[in-house]
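Asks: This is the structure I want to talk about, given as structure tokens.
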Amino acid sequence: MPSAASAVSAPVGSSGGALARLRHINWGRKAVIGIPFAFLVLFFSLPFLVVLKISVSEADGVQFKDLVDFADGTLTLRLKLANYQFLATDPLYLKTYVSSVAYAAGNALICLFIGYPFAYFMTRARPTLRPILVMLVSLPFWTSYLLRIYAWKGLLDDNGVINNVLLWAHVIDAPLKMMYTAFSMMIGMVYTYLPFMILPLYGTLVKADPRLLEAAGDLGTTPWKAFWLITVPLSKAGIIAGTMLVFIPSVGEYVIPELLGGPQTLMIARVLWNEYFQNVDWPMASAVAVIMVVLILLPLVLLNRYQNVEGRAQGDAKRPGGAAA
Amino acid sequence: MAGAAAGVAPAPPPVTAGGGDAQFLRVERLTKRFGEVAAVDDVSISIRKGEIFALLGSSGCGKSTLLRMLAGFETPTSGGIFLEGREISGLRPFERPINMMFQSYALFPHLTVWENVAFGLKRHRQPPDRVAAQVERMLGLVQLKPFAQRKPHQLSGGQQQRVALARSLALEPRLLLLDEPLGALDRKLRAQTQFELNSIIKNVGVTCVLVTHDQEEAMTMADRIAIMSAGSFVQVGAPREIYETPGNRFVADFIGTVNLFDGALVEDEPDHCVIETPVGRFYVGHGITGVKGQRLSVALRPEKIELSTTAPADTGSNCFKGRVVECAYFGATSLYRVLLADGTRLQVSVPNTERHGEVITVGSDVYATCTPDSLVVLVS
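Chains A and B, in that order, give the protein sequences. Residue numbering for the first sequence follows our numbering, starting at 28 and increasing by one per position. Residue numbering for the second sequence follows our numbering, starting at 1039 and increasing by one per position.
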């Protein structure tokens, strides 16, 4: 009898366990991951797929022909790749892509060179002063970015503030041509994106252990050498994050090139705008957009891979180091 | 660890002019002020070549500031530091032939064990084969050769500590500084590491100044200990000296546990003295230079007291009747608190030498006795 009872109770127990396990799937946790995931699928992936579809569709008046056609027992998939072919062969598009990436990279580089010392000295400030400095860096976000770009127009214009002051001081005889040039556009880009560089850099630099620099000094390193050998490598994550945060949106930047850039500053977002709203060539515009997304996704994928590696390393670090700290 | 270390014979450093072995490191009237507060207040000390010297004190006593001045991270307000007769207090950290093992190690997290140890060697522009040979030697010394390509976070606390030691020894410094060398290790690991660290340092033969707040660490590792309080040395001496003949109440109380009795001098002879306290009369086996009636204290370590349930032959002095009010069993020893007639609680530590002997329990009436030699008179 006891053996029978145990034989019966065993499967009941195990099925109860399975049920309990099912109940124990953390739905809250799933939702936390699921909501942003669903958001991305709904508002990024689906529209992107729509754009992708348009880019390979044939226009039929104002309508687009279906990609998939089933007639006479034959399933046909028609992909029009002429737009991509055109993009790959027309030097203007190629030039625009290259120059977009070049401007974006230049912007990221200039931001890094200005932002790094900036963030570094923020971490060197008194701890009570640091939150104020962080607030000051993010202060520009409090006013509309469009307004701030217009403000630069007033500064850089031929009869803007800077030219007037220089003329008044007899530094120059004729106004400098600053507006609607690559110069004015880069000023606007650097100005706009600098906080995105400074904040992640500050985030990693502020965590740096000052004793590591002392240890480097103790082992015979000058402070300048120690900065390059210790501080810079340890802020790699911040450098990458900041560079990506500046580079990625800069590639597709539309407003700044439109307002501050000139006819010779080729940026892909302006071409995109023209295809949609002047040429009304939606498939072509879609193809331009798809290539742009791919162009931006590539560095993102690389960043993600790097962060995964770093994250795993830091996860390891927490275990033995926890007690020591 | 000792076995591996024994194979390494570092070349004996040449004796340079000036200084001399007894004054290998000389600190002269060193003072460091932070605003109005003197963190280190007019400290002078000479440290022998090859000596392990410990600075022991509670936090804020100035021991770390003193160490940081030796390393060059703090500039002295006044006074001088002489290494082998050469004034070094004006040199910057990277110019001093001194290396430091930092508290919780400060290993470079982005570099491997090998690169950490090689860091200083590369900075000194040594040829690559020389760097490699020295790193190998150091990793062998601390038995970490198989871990050379690991990053610091992939090592245990004890291994990290050994990397830190190897890194600080790689440049063959004239003076090694250790900042709380065992502070980041858990208790069990400390005991083991203490001996390993000690044997490596002794094998290398480097002169060593260590800072600690842990008296056990100082006692086991150091040849001499300086007890620091409020920026000054209270007493400097060998561990046994400091424990057995503390110079004053502060040291007696700081190192180990002690029973202190305030009393007056009633008899003072060259070979003994007698002190009358509220607890009873102490017959002390050493003379002091004092005047009769002088107020002073008697210090008695808990392990130097014997407990007995029967009265000894002579109850005139060094014998105190009381009742056990507390008893803590630690395995190797038992700690008793004995309430004496005047209300003083006497701490007594008794080794448990027998497995099933007579057991003194709470509530027992006992006689606590001690020998004249076990007592120390403290005048301050």
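Using N, Cα and C, we set each Cβ at its ideal position, and we do this for glycine too.
Going along the chain, which residues of its own chain have a beta-carbon closer than 6 Å to the beta-carbon of residue 269(A), five neighbours each way excluded?
Replies: Stepping through the first sequence from its first residue, residue 269(A) is reached at position 242. Contacts found: 224, 227, 228.
Asks: Given a cut-off of 8 Å, decide if residue 1176(B) and residue 1213(B) are closer than it, judged by their beta-carbon atoms.
Replies: Within the second sequence, numbered from 1, the residue matching residue 1213(B) stands at position 175. Within the second sequence, numbered from 1, the residue matching residue 1176(B) stands at position 138. No, the pair does not count as a contact, with Cβ atoms beyond the cut-off.
Asks: What residues from the region 1122-1144 of chain B come within 7 Å of chain A, judged by C-beta to C-beta, listed N to C?
Replies: Here the close residues are 1131, 1132, 1137, 1138, 1140, 1142, 1144.
Asks: Would you say residue 347(A) faces chain B, with C-beta separation under 8 Å as the test?
Replies: Locating residue 347(A) in the first sequence gives position 320, counting from the first residue. Residue confidence for residue 347(A) is low, a pLDDT of 41 falling below 50, so the modelled location carries little weight; the figure read from the coordinates is stated next. Chain B, which has a Cβ nearer than 8 Å to the Cβ of residue 347(A), makes this yes.
Asks: Nearest chain B C-beta to residue 258(A) closer than 8 Å, yes or no?
Replies: Taking the first sequence and counting its residues from 1, the one referred to as residue 258(A) is at position 231. Output row for residue 258(A): interface = no.
Asks: Taking the alpha-carbon positions, what's the residue 1406(B) to residue 1310(B) distance?
Replies: Taking the second sequence and counting its residues from 1, the one referred to as residue 1406(B) is at position 368. Taking the second sequence and counting its residues from 1, the one referred to as residue 1310(B) is at position 272. Each residue's alpha carbon lies about 21 Å from the other.
Asks: Taking just the CA atoms, how far does residue 1193(B) sit from residue 1181(B)?
Replies: Along the second sequence, one-based indexing puts residue 1181(B) at 143. Along the second sequence, one-based indexing puts residue 1193(B) at 155. Cα to Cα, the separation comes out at about 13 Å.
Asks: In its own chain, which residues sit with a C-beta less than 6 Å from the C-beta of residue 1299(B), not counting the 5 before and 5 after it?
Replies: In the second sequence, residue 1299(B) corresponds to position 261, counting from 1. Once the five neighbours on either side are set aside, the close Cβ partners of residue 1299(B) are 1315, 1317, 1336.
Asks: If you compare alpha carbons, which of 75(A), 311(A), 140(A) is closest to residue 259(A)?
Replies: Start at 1 with the first residue of the first sequence, and residue 259(A) comes out as number 232. Nearest of 75(A), 311(A), 140(A) to residue 259(A), Cα basis: 140(A).
Asks: Around the C-beta of residue 1130(B), are 16 or more other C-beta atoms found within 10 angstroms, so that it is buried, or is it exposed?
Replies: Against the second sequence, residue 1130(B) aligns to sequence position 92. It counts as exposed.
Asks: If you measure from the beta carbon of residue 285(A) to each beta carbon in chain B, is any gap under 8 Å?
Replies: Position 258 of the first sequence, counted from the start, is the residue given in the question as residue 285(A). It does not: the Cβ of residue 285(A) has no partner Cβ on chain B nearer than 8 Å.
Asks: Over the uninterrupted alpha helix (DSSP H) stretch that includes residue 1196(B), give me the two end residues.
Replies: By one-based count along the second sequence, residue 1196(B) stands at place 158. It spans 1195-1207 - the alpha helix (DSSP H) in which residue 1196(B) sits, taken as one unbroken run.
Asks: Could you give the DSSP three-state label for residue 1043(B): helix, strand or coil?
Replies: In the second sequence, counting from the first residue as 1, residue 1043(B) sits at position 5. Only weak support exists for where residue 1043(B) lies, its pLDDT of 39 falling under 50; the value from the coordinates is given anyway. In this structure, residue 1043(B) counts as helix in the three-state DSSP scheme.
Asks: Please report the straight-line C-alpha distance between residue 105(A) and residue 131(A), rounded to a whole angstrom.
Replies: Translated into positions along the first sequence, residue 105(A) becomes position 78. Translated into positions along the first sequence, residue 131(A) becomes position 104. C-alpha separation (whole angstroms): 36 Å.
Asks: Classify residue 1172(B) as helix, strand or coil using the three-state DSSP reduction.
Replies: Numbered from 1 along the second sequence, position 134 holds the residue referred to as residue 1172(B). Three-state result, residue 1172(B): helix.
Asks: Sorted by chain position, which residues of the same chain lie with C-beta nearer than 6 Å to residue 111(A)'s C-beta, five sequence neighbours on each side aside?
Replies: Residue numbering aside, residue 111(A) sits at position 84 when the first sequence is read from its first letter. For residue 111(A), where only same-chain residues beyond five positions count, the Cβ hits under 6 Å are 314.
Asks: Would the region 1217-1226 of chain B and the region 1067-1076 of chain B be scored as touching if the rule is three or more Cβ pairs under 8 Å?
Replies: Not touching, per the Cβ criterion.
Asks: Say whether the region 290-304 of chain A touches the region 120-136 of chain A, bearing in mind that this needs 3 or more beta-carbon pairs closer than 8 Å, one atom from each stretch.
Replies: The answer is yes - the region 120-136 of chain A touches the region 290-304 of chain A, with three or more Cβ pairs under 8 Å.
Asks: Which runs of the beta strand (DSSP E) fall wholly inside the region 234-315 of chain A and span at least 3 residues, in chain order?
Replies: Those beta strand (DSSP E) runs which fall completely within the region 234-315 of chain A and span 3+ residues do not exist here.
Asks: Along chain A, which residues have their Cβ under 7 Å away from the Cβ of residue 1148(B)?
Replies: If you number the second sequence from 1, residue 1148(B) lands on position 110. Simply 260, 261.
Asks: Between the Cα of residue 1255(B) and those of 1284(B), 1269(B), 1283(B), 1223(B), spot the shortest distance and give me the residue it belongs to.
Replies: Counting from 1 along the second sequence, the entry for residue 1255(B) is found at position 217. Nearest C-alpha to residue 1255(B): 1223(B).
Asks: Measuring CA to CA, which of 102(A), 158(A), 172(A), 149(A) is closest to residue 215(A)?
Replies: Working through the first sequence from its first residue, we reach residue 215(A) at position 188. Answer by Cα proximity: 172(A).
Asks: Have a look at residue 272(A) and residue 323(A) and give me their C-alpha separation to the nearest angstrom.
Replies: The sequence position of residue 272(A) within the first sequence is 245, counting from 1. The sequence position of residue 323(A) within the first sequence is 296, counting from 1. Spanning the two alpha carbons is a distance of roughly 11 Å.
Asks: Can the beta-carbon of residue 1384(B) be found closer than 8 Å to that of residue 1323(B)?
Replies: In the second sequence, the residue the question calls residue 1384(B) occupies position 346. In the second sequence, the residue the question calls residue 1323(B) occupies position 285. No, they are not a contact pair.
Asks: Answer with buried or exposed for residue 1416(B), where buried requires no fewer than 16 other C-beta atoms within 10 angstroms of its C-beta.
Replies: Along the second sequence, one-based indexing puts residue 1416(B) at 378. Label assigned to residue 1416(B): buried.
Asks: When Cβ atoms are compared, which residues of the region 226-242 of chain A fall closer than 8 Å to chain B?
Replies: Hits within the stretch, in order: 236, 238, 239, 241, 242.
Asks: Ordered along the chain, which non-local residues of its own chain (more than five positions away) have a Cβ less than 7 Å from that of residue 1306(B)?
Replies: For the purposes of this step, residue 1306(B) is identified with residue 268 of the second sequence, where counting begins at 1. For residue 1306(B), where only same-chain residues beyond five positions count, the Cβ hits under 7 Å are 1325, 1326, 1328, 1330.
Asks: At 3 residues or longer, what runs of the beta strand (DSSP E) sit wholly inside the region 1262-1323 of chain B?
Replies: As far as the region 1262-1323 of chain B is concerned, its whole beta strand (DSSP E) runs of at least 3 residues are 1262-1267, 1270-1275, 1297-1306, 1311-1315, 1318-1322.
Asks: In whole angstroms, what separates the C-alpha of residue 170(A) from that of residue 188(A)?
Replies: In the first sequence, the residue the question calls residue 170(A) occupies position 143. In the first sequence, the residue the question calls residue 188(A) occupies position 161. Going by the C-alpha atoms only, they are around 21 Å apart.
Asks: Give me the Cβ distance between residue 1257(B) and residue 1099(B), rounded to the nearest whole Å; I'm assuming they're in contact under 8 Å.
Replies: Taking the second sequence and counting its residues from 1, the one referred to as residue 1257(B) is at position 219. Taking the second sequence and counting its residues from 1, the one referred to as residue 1099(B) is at position 61. At roughly 17 Å, the Cβ-Cβ gap does not stay under 8 Å, so residue 1257(B) and residue 1099(B) are not in contact.
Asks: When the Cβ atoms of the region 145-155 of chain A are set against those of the region 228-241 of chain A, are three or more pairs found closer than 8 Å?
Replies: In short, these stretches touch, since the Cβ pair count reaches three.
Asks: State the DSSP-derived secondary structure class of residue 212(A), mapped to helix, strand or coil.
Replies: One-based indexing of the first sequence puts residue 212(A) at position 185. The answer is helix: DSSP assigns residue 212(A) an H, G or I state.
Asks: Taking all protein chains shown into account, decide if residue 1408(B) is buried (16 or more other Cβ within 10 angstroms of its Cβ) or exposed.
Replies: One-based indexing of the second sequence puts residue 1408(B) at position 370. Buried, because 16 or more other Cβ atoms sit within 10 Å of the Cβ of residue 1408(B).
Asks: Whole angstroms is fine: what's the gap from residue 183(A)'s alpha carbon to residue 327(A)'s?
Replies: Reading the first sequence from its first residue, position 156 is the one you call residue 183(A). Reading the first sequence from its first residue, position 300 is the one you call residue 327(A). Cα to Cα, the separation comes out at about 34 Å.
Asks: How big is the Cα-Cα spacing for residue 1273(B) and residue 1284(B)?
Replies: As a first step, residue 1273(B) is located in the second sequence; it is residue number 235 there, counting from the start. As a first step, residue 1284(B) is located in the second sequence; it is residue number 246 there, counting from the start. Going from the Cα of residue 1273(B) to the Cα of residue 1284(B) covers about 8 Å.
Asks: Can you confirm whether the region 239-255 of chain A touches the region 1117-1135 of chain B when touching is taken to mean that 3 or more C-beta pairs between the two stretches lie within less than 8 Å?
Replies: At 8 Å Cβ cutoff, the stretches touch.
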